[in-house]
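Chains as they are written, first to last, in this note's numbering: chain B, 146 to 832; chain Y, 146 to 832. Positions of the beta carbon are idealized from the N, C-alpha and C atoms, including for glycine.
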């Protein structure tokens with residue numbers, strides 16, 4: 146095997162050997178990778194990770210190995226996700242709350258969705274969203290959220306083991322971080338500082354302290370806060386857009402416009418969100434690089450880590466801010482009939498669709514996730530490189546007339562390679578996957594199909610990246626690496642964060658807890674019958690503020706009470722429209738569930754991490770065996786050498802008395818160093 | 146220094162050297178430790194850890210170093226604890242709730258504390274406990290709980306650093322776990338299995354699988370569950386004792402007996418608890434050893450780890466069960482007036498004292514903690530060894546007449562040593578400290594003085610242990626160890642567990658949250674005025690079940706409503722005696738606080754663990770420097786040797802052609818091995 150492969154630069158020799166019949170055939174590694182790995186047809190095959198490492202080096206090899214493990218582990222997650230989805234689909238007919246919502250006999254007259262222009266409406270008209278939301282909001286989802294949290298831990302543990310196996314087979318086990326040279330930027334600034342200081346006093350071993358970096362840190366913090374503000378205001382602008390457009394459309398006299406309000410507004414708003422995310426993503430990438438430069442990190446590794454951390458923070462915020470808004474804030478500040486919250490004095494704060502916020506969260510998630518993946522894959526990873534290449538070719542053609550004269554005939558390989566894009570690090574590749582991992586883990590409770598979409602994307606992504614590395618980029622310099630570095634910490638952090646987020650999504654965004662509370666505390670029959678009625682509060686239409694009553698109403702005459710989704714005291718209680726006892730009991734149950742869920746999942750994760758050993762058993766045994774072997778070999782050789790030296794010296798005994806002493810010193814030094822070395826200990830030996 | 150110390154067995158030589166004036170003086174290490182370390186007078190000094198290690202070995206050295214670090218870090222914790230306690234003490238006069246409770250004008254008539262025999266009573270009579278409970282139940286306690294959680298993380302991080310420093314200076318850096326021999330028990334059972342199998346088929350490399358261990362595991366699980374049951378029933382028996390005795394005493398006609406009910410019952414019950422804990426502790430220690438034997442662990446380390454884990458689990462449960470009961474269960478199942486919960490149909494479930502459960506928790510904690518420490522220190526660590534020694538001496542004296550004839554004159558050192566106790570492991574020492582660490586971290590929110598008591602105990606404990614090791618035990622075999630092993634994991638687990646426990650103590654056992662909720666949601670003035678009234682529900686005395694009305698009552702005639710501490714609807718509401726809206730809102734606030742507290746503390750702990758590097762900077766620099774030095778030394782020596790060998794061989798060139806080849810092979814082998822060794826890599830080299 147290694148004969149076939151170690152042959153990039155000695156084709157001539159290989160040709161002779163093939164001619165002599167020593168080998169049957171030989172392939173350059175590049176072509177082998179191109180044919181066996183970098184094509185979509187091979188999507189079902191394991192990646193030839195060892196070959197990738199041989200050609201691209203350990204760092205890129207680890208990336209593809211990691212991507213492979215991640216994709217592979219997405220398979221069980223997708224399967225369970227699909228089962229959960231189908232469970233929802235199968236039980237939608239027997240689900241009492243959605244039946245009740247669709248039941249036209251239970252004629253709940255709901256309060257109007259906007260001031261004046263909107264009419265009262267019947268809850269049964271929202272039947273569709275109710276049924277759709279059951280697909281994602283059912284008890285199986287709770288199980289799935291727990292499953293996915295444990296899955297995330299399993300994935301990390303599995304990767305740790307795989308990494309150690311790879312380290313072993315790639316001979317990286319004993320590799321230690323070498324001391325890096327400082328970055329030129331750092332050196333320059335240090336020099337400047339030294340020159341400034343020279344006038345005052347001499348100081349050896351000068352280095353940059355936090356004082357020198359203070360301005361950089363301050364700019365960093367304020368810029369990140371500013372970016373945070375930008376992200377938030379982008380989200381807020383889209384909200385304003387949604388509020389105003391829906392208000393304007395609701396006022397339109399055309400009934401067709403009116404009926405399509407929600408769909409149009411939601412769709413356009415999400416697309417705007419997506420575009421904003423994609424644009425800010427690019428900007429934030431550049432800002433992060435600029436900010437890291439300001440921090441003057443000492444070494445290149447240092448620089449990379451800080452850059453990744455910052456870029457991740459900004460991009461994560463950017464991608465998730467609208468989703469967080471929908472999951473935890475939308476509809477919670479809208480007030481209630483008679484006391485709505487207004488933005489700019491005129492527009493009511495938006496509420497969730499009657500089916501609950503979960504279905505909106507689900508739509509938002511799927512569009513942003515799919516859109517981001519499709520657009521980033523197609524435009525940023527395929528389109529833009531192609532465009533750049535085109536530009537380059539055009540430019541070349543302009544200059545072509547001259548060069549053709551210089552270079553007739555077939556173009557050399559280096560010219561062909563020069564046409565390719567330069568390689569600029571693995572960060573964008575990892576970043577894309579980590580943000581995707583966020584979609585798979587963070588809000589998985591609201592969208593069980595996320596792992597499936599991620600899986601489909603990754604199966605393509607692997608080959609797309611492979612194609613890119615093999616055919617579109619200049620061959621990157623091979624870099625040794627033992628692990629995936631800070632990305633592992635980010636993944637593990639995301640995994641931990643996802644537990645609390647999922648707990649909150651289940652308990653606050655979905656209707657899981659209110660249903661449970663109703664069934665076990667309030668339902669007289671112990672079933673879910675009457676749940677919808679229980680979740681709707683009464684509002685006396687005479688309490689509408691002047692000017693907010695529906696102006697033209699088909700139902701208006703008969704209505705004395707309209708209903709709205711909230712737990713508030715009815716108009717006839719002593720404290721009308723205050724939060725009712727139900728509100729507080731449901732809130733307590735929700736919070737209790739968060740505590741239970743979080744601690745359960747943390748305990749399970751710790752258990753899983755504890756049960757799965759980090760080092761695979763065969764590797765640890767292998768390492769032990771090798772150590773024993775090494776000791777044996779060395780002792781034997783050492784003995785032989787001693788005998789040899791003795792036999793040599795015995796002849797020269799008298800003349801070389803002094804020199805002998807020296808050699809025996811050396812021998813014991815060697816033995817001593819060997820002992821230290823074998824124990825992994827680096828202490829100068831005393832002889 | 147090393148000259149003074151390395152001298153136990155060569156006093157004669159040292160004497161000569163002293164006589165010659167080479168040294169001024171010399172002390173045997175044992176005497177030095179005895180004088181400088183193992184005495185109470187030295188309590189303020191750092192321990193001579195290096196000397197301890199030299200005399201007792203690394204394992205015991207690490208124990209004392211750990212104990213030292215722990216004790217040292219208890220100092221800031223104690224100081225903050227004392228400040229918190231004094232804050233409570235200083236604000237008790239200005240504290241509105243306790244003022245209101247003591248205010249005799251606000252004449253709250255409380256419902257009787259027992260059926261028939263007890264009378265209605267005025268809340269102001271519970272003034273004392275109200276004031277006392279403010280000492281431990283004030284906003285500073287919340288801060289202290291957060292502080293102590295972070296403190297626990299700091300302690301662990303600090304210890305990690307200290308351990309690495311010690312590893313470095315004790316030359317353990319490169320020490321690797323050596324393969325251990327299986328325990329004889331394991332070998333025996335394996336042999337039996339092999340003999341059984343032989344009849345059926347041959348099987349090499351046989352080992353015990355989970356099938357062989359299954360009976361052991363089953364017995365383990367069931368025994369642990371049984372022990373759990375025993376602990377719970379012990380706690381429950383004490384509850385029954387408390388309930389019956391207080392009921393009987395309340396029925397006594399003697400007014401003096403009546404007035405002392407609570408004090409007498411609480412005091413005797415806690416003492417019974419303490420005695421039960423101490424007895425079960427010894428039993429559980431033996432049971433754990435027996436259970437571990439059944440699991441047939443392969444190696445001694447394995448055995449020790451499993452034993453420790455089991456013993457810890459059982460002893461922890463044992464020590465904390467009564468405290469958990471008081472903190473989280475007491476008074477929560479007592480029912481309410483008119484609908485009390487009865488045990489054995491006759492006795493009402495016990496409630497907490499009017500000042501709240503926190504003060505009882507505090508009493509329970511302090512008595513168990515102090516009692517356990519004092520009794521264990523005095524009886525188990527001083528008394529019993531002395532007793533054993535006495536027995537031994539008496540036995541010896543019986544045999545003395547014969548021996549005296551054989552051995553006239555001064556007894557030899559080995560005879561004196563034989564009189565000492567044998568050393569049976571560090572487990573009891575660690576266990577004692579870990580259980581104490583539990584008291585310091587788990588319920589610290591209810592007892593800010595715990596660190597102080599722990600500190601006082603440990604200052605003595607260090608010297609007590611030192612005395613024991615130096616004068617009362619046979620000198621233990623020195624064992625090498627890199628770390629404190631599984632104890633670290635237990636400590637870190639306790640630290641994590643303490644976060645959630647403290648969150649629950651603050652939010653459920655203390656009145657912190659109800660006070661906050663009252664101040665910001667219900668109080669009309671925004672102050673705490675009226676809080677006591679708010680926490681007391683009304684009960685219509687006509688709703689008492691027949692036979693439970695106070696029989697002889699000084700207040701009975703005028704009372705139509707009595708009050709009790711709970712959030713329930715008043716008798717005149719539509720749902721009398723159901724939980725009120727306040728109950729649910731306070732519950733929600735409590736649960737919300739738990740989530741907030743837990744996640745805040747987890748985040749802070751992660752931050753602290755992340756900010757403090759595990760390896761002290763000077764050590765990591767030192768290690769790097771040594772590595773460079775080693776490489777230099779080796780390369781130099783290697784070069785010289787090569788030159789030497791070459792010069793030797795050049796003379797014998799013709800005759801020794803073949804041998805030369807061999808040597809150069811060896812040299813490159815050495816170099817190769819060296820390279821591998823320097824990289825910490827143990828791969829057989831290919832030449």
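Check whether residue i and residue j have beta carbons under 7 Å apart
i: residue 725(B); j: residue 708(B); result: no
i: residue 171(B); j: residue 615(B); result: no
i: residue 834(Y); j: residue 673(Y); result: The displayed coordinates of chain Y run from 146 to 832. Any statement about residue 834(Y) would go beyond what the structure contains.
i: residue 629(B); j: residue 219(B); result: no
i: residue 198(B); j: residue 243(B); result: no
i: residue 439(Y); j: residue 364(Y); result: yes
i: residue 733(Y); j: residue 733(B); result: yes
i: residue 650(B); j: residue 590(B); result: yes
i: residue 626(B); j: residue 203(B); result: yes
i: residue 593(Y); j: residue 226(Y); result: yes
i: residue 453(Y); j: residue 579(Y); result: no
i: residue 443(B); j: residue 360(B); result: no
i: residue 406(Y); j: residue 754(Y); result: no
i: residue 174(B); j: residue 607(B); result: no
i: residue 479(B); j: residue 274(B); result: no
Own chain residues within Cβ distance below 7 Å of residue i, not counting five before or after
i: residue 305(B); result: 759
i: residue 652(B); result: 658, 735, 738 and 739
i: residue 233(Y); result: 279, 280, 281, 283 and 285
i: residue 248(Y); result: 269
i: residue 402(B); result: 394
i: residue 377(Y); result: 466
i: residue 312(B); result: 318 and 627
Residues near residue i in its chain [Cβ-Cβ closer than 8 Å; skip 5 each side]
i: residue 334(Y); result: 353, 357 and 441
i: residue 689(B); result: 482 and 483
i: residue 129(B); result: Because residue 129(B) is not part of the residues shown, which for chain B are 146 to 832, the question remains open.
i: residue 716(B); result: 683, 684, 685, 688, 706 and 722
i: residue 421(B); result: 379 and 383
Sequence-distant residues of its chain with Cβ nearer than 6 Å to residue i (five each side left out)
i: residue 728(Y); result: 712
Whole-number beta carbon distance between residue j and residue i, since they are thought to touch under 8 Å
i: residue 264(B); j: residue 699(B); result: 6 Å
i: residue 261(B); j: residue 692(B); result: 7 Å
ask   = So, do the stretch 640-655 of chain B and the stretch 732-750 of chain B have three or more beta carbon pairs nearer to each other than 8 Å?
value = yes
Residues within the stretch 724-737 of chain B neighbouring chain Y, beta-carbon criterion of under 7 Å = 726, 729, 730, 732, 733, 736 and 737
query = Per the contact definition of three or more C-beta pairs closer than 8 Å, is the stretch 274-282 of chain Y in contact with the stretch 496-509 of chain Y?
reply = yes
Where the stretch 777-796 of chain B meets chain Y: residues whose CB sits under 9 Å from a CB there = 778, 779, 782, 783, 785, 786, 789, 790, 792, 793, 794 and 796
request  = Could you say if the stretch 421-433 of chain B and the stretch 384-402 of chain B meet the contact criterion of at least three C-beta pairs nearer than 8 Å?
outcome  = no
ask   = Is there contact between the stretch 247-266 of chain B and the stretch 564-576 of chain B, where contact requires at least three CB pairs shorter than 8 Å?
value = no
query = Would the stretch 736-746 of chain B and the stretch 738-748 of chain Y be scored as touching if the rule is three or more Cβ pairs under 8 Å?
reply = yes
message = Quick test of the definition: if touching needs 3 or more C-beta pairs under 8 Å, does the stretch 451-465 of chain Y touch the stretch 581-590 of chain Y?
response = yes
query = Counting Cβ pairs closer than 8 Å, one from the stretch 382-389 of chain Y and one from the stretch 407-417 of chain Y, do we hit at least three?
reply = yes
task = Flag this pair as touching only if the stretch 588-607 of chain Y and the stretch 512-529 of chain Y have three or more C-beta atom pairs under 8 Å; answer yes or no.
result = yes
Residues in the stretch 624-655 of chain B having any Cβ partner in chain Y nearer than 8 Å = 645
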